[in-house]
Amino acid sequence: MRTIKIFIFTTLLFTASITIAQTKDPVVESIVKEATENSQLEKLAHELVDMIGPRLVGTPQMKQSHDWAIAKYNSWAITARNEKWGEWRGWERGVSHIDMVYPRIKSLEGTQLAWSPSTGGKNITAETIIIADVADSLSFLQWLPSVKGKFVLISMNQPTGRPDYNWEEFGTKESVEKMKKDRTEQREAWTKRISKTGLTSRTLAAALENAGAVGIIMSNWSNGFGVNKIFGANTKKIPTVDIALEDYGLLYRLTESGQRPKISVRADSKELGTVPTFNTIAEIKGTETPNEYVMLSAHFDSWDGGTGATDNATGTLVMMEAMRILKKVYPNPKRTILVGHWGSEEQGLNGSRAFVEDHPEIIKNIQALFNQDNGTGRVVNLSGQGFLHSYDFLGRWLTKVPTAIRQPIVTNFPGTPGGGGSDYASFVAAGVPAFSLSSISWSYGSYTWHTNRDTYDKIVFDDVRSNAILTAILAYMASEDPAITSREKIVLPVNARTGEPGTWPKQTPPTRKGGIN
Ligand SMILES: [Zn+2]
């Protein structure tokens, strides 16, 4: 309710000032025309998402993406370079095949987690066992030998594979309440079951592995139909496999009822030693004040259960398309326009944090930075990130954005500084006026974010196109602005819990050597 009120208020405010301010600008018109009539988004998406695929840090596909971006920029006569900022464990995903072979044959939907050890080019066939509900860590140690030679199921069996919205649409009030209550109890019991082992999710995997288990089977449901989140493995010798809720439930029920199901797993992968990690930086040189910068920003890496289409190929495409358009219709910007395609955002904003550390001369001269990284949707939120005068300059720049794109954007000035979540935070921490172009959801959290369903078909190209137009216009306006943007920060409110004065987020060093231990 409160959101709606704010929305109406800011929209009206903007409309009023815009009718006066908006005049025809040939550059803005050319941006819209180029983005609409000569869009490269579908082609870029196909090449990046379908042909190269997911972009997990340390994989050959990540490096291939950096090289692809350089080639694209060069083909548009934009200079670009890969900047090495660190090293990571090199790993390449191969096939994952998982079949139930007893008591009946069924191919199961699932995949090995990132960095999972392989099965050595073989199929491993074995029975399944559910992690036991023991009294304490001592009884867990007594039970532990029973995992030898078995695949261990370590996730709770979800009581329903229907998302809550589906229950709420069709269920009776009583059955919905009952389902939620039962599920909460079951979750609490499961958390307790794991904690009674005396181990964490990380150390549990190691303990099972050392006790002779042949693989770890889990299911990280994402609360939507058919969707699982796929992160990284904690095992060092045996594979860790995520199985879709539907098939995991089947295995769990058969194991629980004493049917002694058997599965056959083949997981291929290659260890590639230590490999360098990069950011791709491209630039259109400024003609008047080349040492002042407007920066576009989006992380390039992804998790690899899907193809990282909405996290963050779409943000990447927005920035690439905006650069392509700017080079074509605004080839001689006043300030230098830079774009950063960051590596290893997913492991802690590492590429952007490294850039901030490595380029103090750029950091102190960034006029504004625009980052996009929360899905395929059109931008609907823009916060001033705690910069006191953000309303002045962002408000002024937004007046040039076509009404249909500008009007749905709920602004929040001066806002509060973001401490994380995506790469703009690396810059905000360094005092740079850096902003997040925040998208409408399109069920990002439950359906695409870090899931096996983050694929090309989820891209909403009209929204991505609209974001490319918005970004190109904001970059153009930030470049042309006669004034240098103010970096004055708001006084942060007192922390209600501690009573201490609020403090600006601190700059954090990147992990320069990752995945190796
Ligand atoms: Zn992301």
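First residue of the sequence shown? That's 2 in our numbering, and the numbers climb one at a time after it. In this text, a Cβ means the ideal position worked out from N, Cα and C, and glycines have one as well. Only a predicted model underlies this, so the values are computations on that prediction, with no experimental measurement involved.
| Query | Result |
| --- | --- |
| Identify the continuous beta strand (DSSP E) that holds residue 85 and give its terminal residues. | 80–103 |
| Please list, in chain order, all residues of the same chain as residue 425 whose beta carbon is under 7 Å from its beta carbon, the five residues on each side excluded. | 298, 370, 372, 419, 435, 436, 437 |
| Taking Cβ to Cβ, would you say residue 309 is nearer than 7 Å to residue 464? | no |
| Given a cut-off of 7 Å, decide if residue 217 and residue 206 are closer than it, judged by their beta-carbon atoms. | yes |
| Suppose you measure from the CA of residue 70 to the CA of residue 241; what does that come to, to the nearest Å? | 32 Å |
| Using the beta-carbon count (16 or more within 10 Å), is residue 430 buried or exposed? | buried |
| If I follow the unbroken alpha helix (DSSP H) through residue 450, where does it start and stop? | Looking at the DSSP string, residue 450 is not in any alpha helix (DSSP H), and its letter there is neither H nor E. |
| I need the straight-line Cα distance from residue 99 to residue 154, nearest angstrom please. | 14 Å |
| List the residues that DSSP assigns as beta-bridge partners of residue 268. | 97 |
| Under a three-way DSSP split, which group does residue 345 fall into? | coil |
| Which residues, in chain order, sit with a beta-carbon under 5 Å away from any heavy atom of ligand 1? | 312, 313, 374 |
| Straight-line CA distance for residue 247 to residue 457? | 23 Å |
| From the DSSP output, read off the bridge partner residues of residue 336. | 290 |
| Flag this pair as yes or no: are the beta carbons of residue 1 and residue 93 separated by less than 7 Å? | Nothing about residue 1 can be reported from this structure: the residues present for the chain run from 2 to 518 only. |
| Using a threshold of 7 Å, state whether the C-beta atoms of residue 361 and residue 287 are closer than that. | no |
| Under 7 Å, do residue 406 and residue 381 count as touching if we go by C-beta distance? | no |
| Where residue 301 and residue 118 are concerned, what is the direct C-alpha to C-alpha distance, given to the nearest angstrom? | 25 Å |
| Using the Cα positions of residue 473 and residue 323, report the straight-line distance between them to the nearest angstrom. | 5 Å |
| Starting from residue 190, follow the alpha helix (DSSP H) in both directions and report where the run begins and ends. | 174–196 |
| Please report the distance separating the alpha-carbon of residue 214 from that of residue 101. | 17 Å |
| Could you tell me which of 285, 356, 314 sits nearest to residue 508, measuring between CA atoms? | 356 |
| Find out if the Cβ-Cβ distance for the pair residue 65, residue 79 is shorter than 7 Å. | no |
| Have a look at residue 328 and residue 285 and give me their C-alpha separation to the nearest angstrom. | 7 Å |
| With distances taken between CB atoms, is the gap from residue 583 to residue 46 smaller than 7 Å? | Because the chain in this structure spans residues 2 to 518, residue 583 falls outside the shown range and cannot be described. |
| Between the alpha carbons of residue 172 and residue 164, how many angstroms are there, rounded? | 12 Å |
| Would you tell me roughly how many angstroms separate the C-alpha atoms of residue 365 and residue 229, rounded to the nearest one? | 42 Å |
| Spell out the partners DSSP gives residue 372 in its beta bridges. | 298, 437 |
| If you reduce the DSSP assignment to three classes, tell me which class residue 273 lands in. | strand |
| Given a threshold of 16 other Cβ atoms within 10 Å of its Cβ, counted over all protein chains shown, does residue 536 qualify as buried or as exposed? | Past the edges of the chain, shown from 2 to 518, lies residue 536, and the structure says nothing about it. |
| Tell me whether the region 178–197 and the region 133–145 touch, counting them as touching only if at least three CB pairs, one residue from each stretch, are closer than 8 Å. | yes |
| From the DSSP secondary-structure annotation, give me the bridge partner or partners of residue 52. | In the DSSP output, where bridge partners are listed per residue, residue 52 has none listed. |
| Can you tell me the Cα-Cα spacing of residue 83 and residue 108, whole angstroms? | 42 Å |
| Does residue 507 come out as helix, strand or coil in the three-state DSSP assignment? | coil |
| What distance in whole Å lies between the Cβ atoms of residue 294 and residue 256, which are believed to be in contact at a cut-off of 8 Å? | With a Cβ gap of about 58 Å, residue 256 and residue 294 do not count as contacting. |
| On the criterion of 16 or more Cβ atoms from any shown chain inside 10 Å, does residue 223 qualify as buried, or is it exposed? | buried |
| When we look at the beta-carbon of residue 167 and count the other beta-carbons within 10 Å, is it buried (16 or more) or exposed? | exposed |
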